[in-house]
Structure formats: structure tokens, C-alpha cells
Amino acid sequence: MSRYSRQELDWRPCREAASFQCTTVRVPLDYGRPRAGDLRLAVVRHRATGPPADRIGSLLLNPGGPGVSAVDDLMSFGDGFSPAIRAAYDLVGVDPRGVGRSAPVDCGTGTPLPGTHGPEPGFALIADACARHAGRLLPHVGTTDAARDMDVVRALLGDDRLNFLGYSYGSYLGATYAELFPSRVGRMVLDGAIDPGMGAYHATLGMARGYQAAWDAFAADCVARPGCPVGHSLPKAGHVLDDLVARFDEASRAEGGHGTSPTGDDLLTAVTSALAAQAWGGLRSLLREVMAGDPAAWRRLLGTDGDGAPGEQSLTAINCLSSALGPRATAEQTRAALPEFRRAAPQFGVYYAGFLPMCTHWPARPTQVPHRVTARGAGPILVIGTTRDPATPYDQARALAAQLSSGRLLTWDGDGHTAYRRGSRCVDAAVDRYLLNGRLPPVGTVCR
Numbered sequence: 035m036s037r038y039s040r041q042e043l044d045w046r047p048c049r050e051a052a053s054f055q056c057t058t059v060r061v062p063l064d065y066g067r068p069r070a071g072d073l074r075l076a077v078v079r080h081r082a083t084g085p086p087a088d089r090i091g092s093l094l095l096n097p098g099g100p101g102v103s104a105v106d107d108l109m110s111f112g113d114g115f116s117p118a119i120r121a122a123y124d125l126v127g128v129d130p131r132g133v134g135r136s137a138p139v140d141c142g143t144g145t146p147l148p149g150t151h152g153p154e155p156g157f158a159l160i161a162d163a164c165a166r167h168a169g170r171l172l173p174h175v176g177t178t179d180a181a182r183d184m185d186v187v188r189a190l191l192g193d194d195r196l197n198f199l200g201y202s203y204g205s206y207l208g209a210t211y212a213e214l215f216p217s218r219v220g221r222m223v224l225d226g227a228i229d230p231g232m233g234a235y236h237a238t239l240g241m242a243r244g245y246q247a248a249w250d251a252f253a254a255d256c257v258a259r260p261g262c263p264v265g266h267s268l269p270k271a272g273h274v275l276d277d278l279v280a281r282f283d284e285a286s287r288a289e290g291g292h293g294t295s296p297t298g299d300d301l302l303t304a305v306t307s308a309l310a311a312q313a314w315g316g317l318r319s320l321l322r323e324v325m326a327g328d329p330a331a332w333r334r335l336l337g338t339d340g341d342g343a344p345g346e347q348s349l350t351a352i353n354c355l356s357s358a359l360g361p362r363a364t365a366e367q368t369r370a371a372l373p374e375f376r377r378a379a380p381q382f383g384v385y386y387a388g389f390l391p392m393c394t395h396w397p398a399r400p401t402q403v404p405h406r407v408t409a410r411g412a413g414p415i416l417v418i419g420t421t422r423d424p425a426t427p428y429d430q431a432r433a434l435a436a437q438l439s440s441g442r443l444l445t446w447d448g449d450g451h452t453a454y455r456r457g458s459r460c461v462d463a464a465v466d467r468y469l470l471n472g473r474l475p476p477v478g479t480v481c482r
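Going by our numbering, the first residue of the sequence shown is number 35, and it counts up by one from there.
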């Protein structure tokens, strides 16, 4: 491993944004056999703006997904950090292995989507394509290897400990790092936290419940407004969405599933994306346009469900290496689960049950199983949960904070996915105080 730990980083101005510096870091494809070949990770940083004496070190960022590029995210949204954070930290984004610019998982163009042939056959076709085009890489893009990569980057940056901010899947990556290297944990923030002890079935069911609750909150707000596109009562709102889904599915079947008409899944993908972002105004507009038959709205829907792009394939490849993230249900098990999913989420249960076979045919076996993470010996870790987070429901943040031997839960009584830098001054102040001074919020802190 010495040839990885001794490499020199060649920082140069990024082509996309000269105020950022870019480089690559070489890591082993297989940590069990370091001589088996290398991967190159893309890294970007924005240097701390404060005087050298006041700088704390590097703050590594992961925006989640998995499959979202940390490099692109930092260059696009780095200005959103407070001046104090930008003064104290070099902000660093690393595209995890298999993602973005770091040897992305690419299963070939035209990979069919699950909705093309039904959930399980569709996922099987994706798995076959990925085995053909990216088979050598697939066993080595798991979260454990990505956490080891972060430790290589930490050392090359000259930091004794890892300061880290991870959103959503990034919380799972951060918890994995803390479990592997507890003594090297610096100031760590895990926002929109995932419970590593929860199995993929219950996590998927939790998402169905979470999005149902988010839809109900959106609908309750909408029906009180004039001109609400889904009616003027909560039951009516649910029926309107159900009717739209059925109408889209019928139109898609009528045209033979050639992809020129959006499906019900396309619509629900757009709805869940808006609910996660708490973009209620945009969702009202989209539903109004869709119901009016606006062609532009239909085209937007057709772009929401992916097209076999590497980002989508990265998500599947990484999730399927963790039994906590990637469900492996058979067709029979999926059918048996439908009643429970429908009861939990009348509008979203069937949609989320469709993800249960996602990893059933995946060619690489899981490298992580669901288990509690204590990270005994790690420094204080701040876990953030949003009470009506649809993607990573609040009970997962509570569970992770309780598992971690040094965890502290910060609660935001709010909507949408994740909390930091989403408009809550209380949350932002608590996180910044911790990152700058190491001071955790008091036990039981709830931001409203």
C-alpha cells in the first residue's frame, strides 16, 4: 500500500471553475490484492478563505445517491456554505469509486429500464448488461471500499482525522468509515441518516410510508389553496393521483410501451422527487400542467425515470453490495409483499414494492450485511433527522444516533429530505457551531 500512501497530489485549476482545484488520487481496485490494478478517483477542493492560523483542515463532502457526483455538487453548491465554514475549511469533494468521474459504472447505452418489461425481468436485463460491460468493477464499488478510499484521501490531504459531511447515502458512508477507523474520526455530520442495522425490505417499506406521509402533507397544504389541482379534500387528492397514474399506464400500454408516453411510474418518480425537495409549488404546477395535457410537462416526465445512464447504474451497483440498501426479493416474495405495501402507502406502496427485486439477479454478492454500528472510540458524531423526511424517515436517524457510541441527534421538525443548508437557521447554526468549535447541540435539541 505504500505506493498509494506516498503519492503526490497534482492540484490544478479545474476546467469548469478556476476558483476550484482538481486532482486525481490513485487507489487499489481490490484492497485485498493491491497489486491487482488501480482506480483513479476525481477530487476537487476549494481552499479555505481564512488566514492559515485559523484553518481547521479539510471537510470532505458526500451528497448521497449513491451515484451523485461530489465533485459536481461542490462546484455547483459550494458557495452555499456559510462564510465561517468556507474560511475555516478546505471543502473537498471526492467522487466515490464507480461514480461520476471516478471509474463510473457504465453498463452500456440503451440498458432497459425495469418498467420496460416489469420489475423483475427489467432488473434482470440490467444485471446482465452490467455483468457484460462492467463485470470486473462491480465487486469493488461497495461502501466499505469507498470508506477505505476516503482514508487514503484524508492522509494525502495531511489531516490526522477525517472531518466529514454526508447526506443520505453519505451518512451510511460516514458510518462505515467510523466503524472501520474510529480513532481517525474528526468532526462528522450525518444528515438524512440511514440506519445500517435495518434490512433493505424494511428500508424500502419505510420509504413508501415516508413518501405517503410527505404526499399527505403536500395535499393538506394544497387543498387549502384556491385552484389546487388535486381537489379540495385529502381523499380527493389521493384519488386524483391514483387516476393520473392509471391513465398514464393505460396510455403507455395503448402505444405499445415505446416510451413516447409517460407511465404511471414516470409520474410517481417526478412526484417523489418534488416531495424530497419540498418543492410543493413546483409540484402543484407540474400536476396542473400534466392534467391539462401540456406536452412540455409530458416531456419532463419522460426524463425523470433515467435512461440507463451511468448515474443510475452506479446507484444500483453500490446498493446491491449492501444488504441494508439493495433488496433481493423474488417475484413471489414481491407479490406477497404488495398487501403490506398498499396498506402502508395507498398511493406509493405498489411503486416502491417494485424495487424489491432490484438486486435479486445482480452478479456481485453483497459485501455488507445489516448490523448495528457503534464505532466505539470515535469522537462525537452529529446525526441529523428531519421529522417528515420521506427518503430516510426520521426513525432511522434516531436509530443511528442511538447505535453510535458517541452519537448525538439533532432533530428538525420539518419536511423534505435532509436538513442542513435547507432553510433552517437553527439547524445551520447548530451544525456550523459543531464544525467550527466541536460543540454538539444539547441533548434533545429540536429545531422548528
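Think of the CB as a built atom: it goes at the ideal place given N, C-alpha and C, for glycine as much as any other residue. Here the structure is a predicted model, which is why all the values come from computation and not from measurement.
*Buried or exposed by the 16-neighbour rule on C-beta atoms within 10 Å, applied to Pro97*: Along the sequence shown, one-based indexing puts residue 97 at 63. Within 10 angstroms of the beta-carbon of Pro97 lie 16 or more other beta-carbons, which makes it buried.
*Which residues bound the beta strand (DSSP E) around Ser92?*
Residue numbering aside, residue 92 sits at position 58 when the sequence shown is read from its first letter. Per DSSP, Ser92 belongs to the beta strand (DSSP E) from Gly91 to Asn96.
_By DSSP's criteria, Asp124 is part of a beta bridge. Which residues make up the other side?_
Here residue 124 refers to the residue found at position 90 of the sequence shown. Answer is Ser92.
*Note down the Cα distance separating Ala363 from Ser205, rounded to an integer number of angstroms.*
Indexing the sequence shown from 1 puts residue 363 at position 329. Indexing the sequence shown from 1 puts residue 205 at position 171. So the alpha carbons of these two residues sit roughly 25 angstroms apart.
_Close Cβ partners of His151 (< 8 angstroms) along its chain, the five nearest in sequence each way excluded_ = The residue labelled residue 151 in the question sits at position 117 within the sequence shown. Confidence at His151 is low in this model, with a pLDDT of 43, below 50, so the placement of that residue is unreliable and no value is reported for it.
*asked:* Nearest by alpha-carbon distance to Thr401: which of Asp183, Trp314, Gly478 and Ser356 is it?
replied: On the sequence shown, residue 401 is found 367 positions in, with the first residue counted as 1. Looking at the Cα atoms, Ser356 is the closest of the given residues.
*What is the rounded straight-line gap between the Cα of Pro427 and the Cα of Arg456?*
Numbered from its first residue, the sequence shown carries residue 427 at position 393. Numbered from its first residue, the sequence shown carries residue 456 at position 422. Our two residues, Pro427 and Arg456, have alpha carbons roughly 17 angstroms apart in a direct line.
*At which residue ranges does the segment 184-253 contain complete beta strand (DSSP E) runs of 3 or more residues, listed in the order of the chain?*
Counting whole runs of 3 or more residues, the segment 184-253 contains the beta strand (DSSP E) stretches 196-201 and 219-225.
*asked:* Using a 10 Å radius around the Cβ and a threshold of 16 neighbouring Cβ atoms, would you call Ala310 buried or exposed?
replied: Residue numbering aside, residue 310 sits at position 276 when the sequence shown is read from its first letter. So Ala310 counts as buried.
*From the DSSP output, which residues share a beta bridge with His80?*
If you number the sequence shown from 1, residue 80 lands on position 46. The bridge partners DSSP lists for His80 are Leu125.
*8 angstroms Cβ shell around Trp314 - same chain, five flanking residues per side excluded*: Here residue 314 corresponds to residue number 280 of the sequence shown, with the count starting at 1. Only Phe252, Asp255, Cys256 and Ala308 meet the Cβ criterion.
*Report the residue from His80, Arg406, Pro380 and Leu94 whose alpha carbon sits nearest the alpha carbon of Glu213.*
As a first step, residue 213 is located in the sequence shown; it is residue number 179 there, counting from the start. If you compare the alpha carbons of His80, Arg406, Pro380 and Leu94 with that of Glu213, the shortest gap goes to Arg406.
*Nearest-angstrom Cα distance between Ser92 and Asp193?*
Within the sequence shown, the letter at position 58 stands for residue 92. Within the sequence shown, the letter at position 159 stands for residue 193. Ser92 and Asp193: Cα-Cα distance of roughly 7 angstroms.
_Residues sharing a beta bridge with Ile418, DSSP_ = Position 384 of the sequence shown, counting from 1, holds the residue named residue 418. DSSP, once it has assigned bridges, lists Asp225 and Leu444 as partnering Ile418.
*Determine the direct distance from the alpha carbon of Leu268 to that of Pro397, and round the result to whole angstroms.*
The count along the sequence shown starts at 1 and reaches residue 397 at position 363. The count along the sequence shown starts at 1 and reaches residue 268 at position 234. Distance between the alpha carbons of Pro397 and Leu268 is about 44 angstroms.
*Look at the alpha carbon of Asn353 and the alpha carbon of Pro260, and state the distance between them as a whole number of angstroms.*
Numbered from 1 along the sequence shown, position 319 holds the residue referred to as residue 353. Numbered from 1 along the sequence shown, position 226 holds the residue referred to as residue 260. About 42 angstroms.
*Are Tyr38 and Val187 closer than 8 angstroms when you measure CB to CB?*
Mapped onto the sequence shown, residue 38 falls at position 4. Mapped onto the sequence shown, residue 187 falls at position 153. At the C-beta level, Tyr38 and Val187 stay beyond 8 angstroms of one another.
*Could you check the C-alpha separation between Thr303 and Ser103 for me, to the nearest Å?*
For the purposes of this step, residue 303 is taken as the residue at position 269 of the sequence shown. For the purposes of this step, residue 103 is taken as the residue at position 69 of the sequence shown. The C-alpha of Ser103 is placed about 20 angstroms away from the C-alpha of Thr303.
*Quick one: what's got a C-beta closer than 8 angstroms to Ala378's C-beta in the same chain, skipping five residues either side?*
By 1-based counting over the sequence shown, the position of residue 378 is 344. Cβ neighbours of Ala378 within its own chain (closer than 8 angstroms, five residues either side excluded): Leu239, Ala242, Arg243 and Gln246.
*Unbroken beta strand (DSSP E) run spanning Val61, endpoints*: Within the sequence shown, numbered from 1, the residue matching residue 61 stands at position 27. Per DSSP, Val61 belongs to the beta strand (DSSP E) from Gln55 to Pro62.
*Contact under 8 angstroms by Cβ, Cys164 with Ala436*: On the sequence shown, position 130 is the one that residue 164 refers to. On the sequence shown, position 402 is the one that residue 436 refers to. No; because the gap between Cβ atoms is not below 8 angstroms, this pair is not in contact.
*Phe111, buried or exposed, once every other Cβ within 10 Å from all chains shown has been counted against 16*: Within the sequence shown, the letter at position 77 stands for residue 111. The residue is exposed, with fewer than 16 neighbouring Cβ atoms inside 10 Å.
*Counting pairs of beta carbons, one from the segment 413-425 and one from the segment 443-457, are three or more of them closer than 8 angstroms?*
Yes: the two stretches touch, three or more of their Cβ pairs being nearer than 8 angstroms.
*Who are Pro47's beta bridge partners in DSSP?*
Translated into the one-based positions of the sequence shown, residue 47 becomes position 13. According to DSSP, which records beta bridges pairwise, Pro47 is partnered with Gln55.
*Measure the beta-carbon distance from Ser422 to Gly448 and round it to whole angstroms, keeping in mind my assumption that it falls under 8 angstroms.*
By 1-based counting over the sequence shown, the position of residue 422 is 388. By 1-based counting over the sequence shown, the position of residue 448 is 414. Looking at the sequence shown, residue 422 is not Ser but Arg. Taking C-beta atoms under 8 angstroms as the contact rule, Arg422 and Gly448 qualify, at a distance of about 7 angstroms.
*asked:* For the alpha helix (DSSP H) containing His273, name the first residue and the last one.
replied: Residue mapping note: residue 273 aligns to position 239 of the sequence shown, counting from 1. Counting along the chain, the alpha helix (DSSP H) containing His273 begins and ends at Leu268 to Ala288.
*asked:* Given this structure, state the Cα-to-Cα distance separating Gly226 from Leu108, to the nearest angstrom.
replied: Sequence index remark: in the sequence shown, residue 226 carries index 192 (1-based). Sequence index remark: in the sequence shown, residue 108 carries index 74 (1-based). About 18 angstroms.
*Expressed to the nearest angstrom, what Euclidean distance is found between the alpha-carbon atoms of Tyr385 and Pro47?*
Position 351 of the sequence shown holds residue 385. Position 13 of the sequence shown holds residue 47. CA-CA distance, Tyr385 to Pro47, rounds to 44 angstroms.
_For Cys481, the three-state DSSP class (helix, strand or coil)_ = The residue given as residue 481 occupies position 447 in the sequence shown. In the structure shown, Cys481 sits in a strand (DSSP, three-state: E or B).
*DSSP state of Asp328, grouped into three classes?*
By 1-based counting over the sequence shown, the position of residue 328 is 294. DSSP, reduced to helix, strand and coil, places Asp328 outside both helices and strands of the structure shown, so it counts as coil.
*Option in Thr58, Ala87 and Gly127 with minimal Cα separation from Arg79*: By 1-based counting over the sequence shown, the position of residue 79 is 45. Nearest to Arg79 by C-alpha distance, out of Thr58, Ala87 and Gly127, is Gly127.
*What span of residues does the alpha helix (DSSP H) with Met109 cover, start to end?*
Taking the sequence shown and counting its residues from 1, one reaches residue 109 at position 75. Its alpha helix (DSSP H) spans residues Ala104 to Phe111.
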